[in-house]
Amino acid sequence: MPTTLITGASSGIGLELTKLFAASGDNVVLVARSEDKLNDLAANVRSQHDITATVIPADLSTPDAVDHLSDQLRDRSLEIDTLVNNAGFGMLGKFSEMSADRQTNMLMVNVVALTRLTRKLLPGMLKRKTGGVLNVGSIAAYQAGPNMAVYYASKAYVLSFTEALREEVAGSGLHITCLEPGATETGFGEDSGMGSLDMFASQTMTAEVVAKAGYQGYRSNEDIVIPGWKNRLMVTGTSFLPRFATRKMVGKMQGA
Ligand SMILES: NC(=O)c1ccc[n+]([C@@H]2O[C@H](COP(=O)([O-])OP(=O)(O)OC[C@H]3O[C@@H](n4cnc5c(N)ncnc54)[C@H](OP(=O)(O)O)[C@@H]3O)[C@@H](O)[C@H]2O)c1
Numbered sequence: 620m621p622t623t624l625i626t627g628a629s630s631g632i633g634l635e636l637t638k639l640f641a642a643s644g645d646n647v648v649l650v651a652r653s654e655d656k657l658n659d660l661a662a663n664v665r666s667q668h669d670i671t672a673t674v675i676p677a678d679l680s681t682p683d684a685v686d687h688l689s690d691q692l693r694d695r696s697l698e699i700d701t702l703v704n705n706a707g708f709g710m711l712g713k714f715s716e717m718s719a720d721r722q723t724n725m726l727m728v729n730v731v732a733l734t735r736l737t738r739k740l741l742p743g744m745l746k747r748k749t750g751g752v753l754n755v756g757s758i759a760a761y762q763a764g765p766n767m768a769v770y771y772a773s774k775a776y777v778l779s780f781t782e783a784l785r786e787e788v789a790g791s792g793l794h795i796t797c798l799e800p801g802a803t804e805t806g807f808g809e810d811s812g813m814g815s816l817d818m819f820a821s822q823t824m825t826a827e828v829v830a831k832a833g834y835q836g837y838r839s840n841e842d843i844v845i846p847g848w849k850n851r852l853m854v855t856g857t858s859f860l861p862r863f864a865t866r867k868m869v870g871k872m873q874g875a
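Quick note on the numbering used here: the sequence shown kicks off at 620 and runs consecutively.
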């Protein structure tokens, strides 16, 4: 039975991805800070499928979180076939006025933990010639985001990193996919402050639909999955415009 580790499994897209991997027969390892939510989800998927579900609570913004997580995997003799780097958060506001600690935590979760966890788990996957990595980025990756500078830059990193990794392991049998959601109905909207923006509220998709697109894209080893035709149109349109125009447009929509 393959095992899939999902970060940010306690809610939203990560929770829906967990259900999909569990339904396919994968054992799951669930990671996030909210231990109670993870325990509820683990009990739920165990009761519905003939799989194991392991909960490892972790705050991925802390420097030793990934080492601690990998120690826990070793102690429980858990080999990870698929890594889903989904945990992440954003924050609307001017760079110079935002909490510097929260910005650093964002980079730790969205960028550093994603990178370190991949570095820890990829060699085993390469050795076994099976499994892969599904990273959750965002359509924010395709342009700069005034009033949300760190978040957009963190998601540009996720896309670039995932694409490069895919080329490095080409021919190994591993699947490497980047899921790039647009506005999605999860805790993200309220948590980031984006939920009240027209550009967000007017075109949200459900977490279930977004997760399904990402899951299927990963299984068929697509490089980049952008769920929803409006999101795909927006990304395509962006590629034809000069960067100064797209950043001005996004800045206006985000009240910069
Ligand atoms: N919703 C959108 O509109 C949207 C659009 C594009 C991309 N995305 C991306 O989709 C991914 C999932 O977000 P979502 O929309 O499903 O939002 P969500 O419902 O708020 O879920 C975020 C997940 O990340 C986890 N997380 C946050 N900080 C963490 C930390 N310090 N340590 C460990 N886990 C942490 C949360 O768990 P705990 O709070 O329990 O720790 C939660 O499970 C994120 O990477 C986000 O950037 C979302």
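Ideal placement from N, C-alpha and C gives every residue a C-beta, glycine not left out.
Please read all numbers here as calculations on a predicted model, not as lab measurements.
For residue 698, which three-state DSSP category applies?
In the sequence shown, residue 698 corresponds to position 79, counting from 1. In this structure, residue 698 counts as coil in the three-state DSSP scheme.
Below 8 Å on the Cβ atoms is my contact criterion, and I expect residue 707 with residue 755 to pass it. Report the Cβ-Cβ distance as a whole number of Å.
Taking the sequence shown and counting its residues from 1, one reaches residue 707 at position 88. Taking the sequence shown and counting its residues from 1, one reaches residue 755 at position 136. Contact flag correct, Cβ pair sits at about 7 Å.
Could you give the first and the last residue of the continuous beta strand (DSSP E) run that contains residue 681?
Translated into positions along the sequence shown, residue 681 becomes position 62. It is not in any beta strand (DSSP E) - residue 681 carries neither H nor E in the DSSP assignment.
Have a look at residue 732 and residue 711 and give me their C-alpha separation to the nearest angstrom.
Position 113 of the sequence shown holds residue 732. Position 92 of the sequence shown holds residue 711. Our two residues, residue 732 and residue 711, have alpha carbons roughly 21 Å apart in a direct line.
Candidates 765, 635, 714 and 699, of which the one nearest residue 705 by Cα
For the purposes of this step, residue 705 is taken as residue 86 along the sequence shown, with counting starting at 1. Among 765, 635, 714 and 699, the Cα nearest to that of residue 705 belongs to 635.
Taking only heavy atoms of ligand 1 into account, decide whether any of them is closer than 6 Å to the Cβ of residue 820.
Taking the sequence shown and counting its residues from 1, one reaches residue 820 at position 201. Checking every heavy atom of ligand 1 against the Cβ of residue 820, none is found closer than 6 Å.
Residue 825 (DSSP reduced to helix, strand or coil):
To locate residue 825, count along the sequence shown from 1; it is residue 206. In the structure shown, residue 825 sits in a strand (DSSP, three-state: E or B).
In the DSSP assignment, find the alpha helix (DSSP H) that holds residue 869 and state where it starts and stops.
Here residue 869 refers to the residue found at position 250 of the sequence shown. Secondary structure note for residue 869: its alpha helix (DSSP H) is the uninterrupted segment 862–872.
According to DSSP, is residue 648 part of a helix, a strand, or is it coil?
Along the sequence shown, read from residue 1 onward, the residue named residue 648 stands at position 29. Correct three-state label for residue 648: strand.
N- and C-terminal bounds of the beta strand (DSSP E) containing residue 795:
Locating residue 795 in the sequence shown gives position 176, where the first residue counts as 1. Taken as a continuous stretch (DSSP letters only), the beta strand (DSSP E) holding residue 795 covers 794–798.
Would DSSP call residue 840 helix, strand or coil?
Against the sequence shown, residue 840 aligns to sequence position 221. Coil at residue 840, not helix or strand.
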